[in-house]
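Asker: This structure is in structure tokens; I'll ask about it shortly.
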DNA sequence: TTAAGTGTTGCTCT
DNA sequence: AAGAGCAACACTTA
């Protein structure tokens, strides 16, 4: 379930292995994964070009081919991006693939058909059109801006964190972890948090996401390498709080289920 | 066997 | 207009 840390890992892979290499072939194995562009157009515009730079905003990945050609990828709940060095080891559910002249490929995998690929002229215009808030890890997005948005919203704080128009990059999984670390109940109204708890939430958001990025969610045993006080490995039916052992509870807010510790995260 | 759960975006409804 | 709820998707678990 790719959220900010996962997409950041995809971006790093592209940055490390695929910069400035000509695309030798564009394979659209599922045309439905393309939005607003036909397979033929995508092939014509990308073939022979190389990725000049990579970018990410929230859960969106941008591959900039220069000349106002930017490939935008979104992964939905079940998508991923893989470097395929050996054609024999093709993953399942590849819906779009870029083959490069050195024999390697970049495979866009999506088990379900939620999430898609677009071609746009520029990342900034796309971000504005999609009404995305600031990226949760953008260094220019500081506490005052966060606090202002929090005080402005009557949504439950859980819904606030996952609403991409407030801030971009956090989904159901990491919002649960962030609220758990900040000791805040998911149903608390954003506007009723107060400055001190908003500060706590902001700091934990940054700390948790940084840990996730540094541990690299695309590598093996990611969950097992998380700090021992993290909620994530226990976020399943029958799970218990890693801090106090209390049976975890869940609440559904705006159709999204949240897992939390009823002992440490009080609704106040 | 059927039904519910999973998570994201974007639409409709109030 | 803000917030809630559902559809789309495909696969897993009860």
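Numbering (this note's numbering), first residue to last: 1 to 268. Don't be surprised by glycine CBs; every beta carbon is placed ideally from N, CA and C.
Where residue 223 and residue 213 are concerned, what is the direct C-alpha to C-alpha distance, given to the nearest angstrom?
Answerer: Rounded to the nearest angstrom, the two C-alpha atoms are 12 angstroms apart.
Asker: Would residue 135 be called buried (16 or more neighbouring beta carbons within 10 Å of its own) or exposed?
Answerer: Buried, because 16 or more other Cβ atoms sit within 10 Å of the Cβ of residue 135.
Asker: In terms of residue numbering, what span does the beta strand (DSSP E) encompassing residue 27 cover?
Answerer: Element bounds for residue 27: 23-27.
Asker: Would you give the residue range spanned by the beta strand (DSSP E) that residue 82 belongs to?
Answerer: Run containing residue 82: 79-84, per the beta strand (DSSP E) assignment.
Asker: Looking only at DSSP bridge pairs, what is residue 76 linked to?
Answerer: None; residue 76 has no bridge partner.
Asker: Buried or exposed: where does residue 40 fall if 16 or more other Cβ atoms within 10 Å of its Cβ makes it buried?
Answerer: Exposed.
Asker: According to DSSP, which residues form a beta bridge with residue 239?
Answerer: DSSP output for residue 239 lists no bridge partner at all.
Asker: I need the DSSP call for residue 54, collapsed to helix, strand or coil.
Answerer: In the structure shown, residue 54 sits in a strand (DSSP, three-state: E or B).
Asker: Answer with buried or exposed for residue 173, where buried requires no fewer than 16 other C-beta atoms within 10 angstroms of its C-beta.
Answerer: Counting Cβ neighbours within 10 Å, residue 173 comes out buried, since at least 16 surround it.
Asker: Which residues in the same chain as residue 199 place their Cβ atom closer than 7 angstroms to its Cβ, once the five residues preceding and following it in sequence are excluded?
Answerer: The answer, listed in chain order, is 143.
Asker: Express the C-alpha separation of residue 109 and residue 81 in angstroms, rounding to a whole number.
Answerer: In a straight line, the C-alpha of residue 81 is about 6 angstroms away from that of residue 109.
Asker: From 139, 100, 210, pick the residue whose C-alpha is nearest to that of residue 27; which is it?
Answerer: Checking every option, the nearest Cα to that of residue 27 belongs to 100.
Asker: Can you have a look at residue 227 and say buried or exposed, based on whether 16 or more other CB atoms are within 10 angstroms of its CB?
Answerer: By the 10 Å Cβ count, residue 227 comes out exposed.
Asker: DSSP puts residue 221 in a beta bridge; with which residues?
Answerer: Bridge partners of residue 221: none, in fact.
Asker: Hey, residue 50 and residue 22 are a contact pair by Cβ (cut 8 angstroms); roughly how many whole angstroms apart?
Answerer: Between residue 22 and residue 50 the Cβ distance is about 5 angstroms, and since that is below 8 angstroms, they are a contact.
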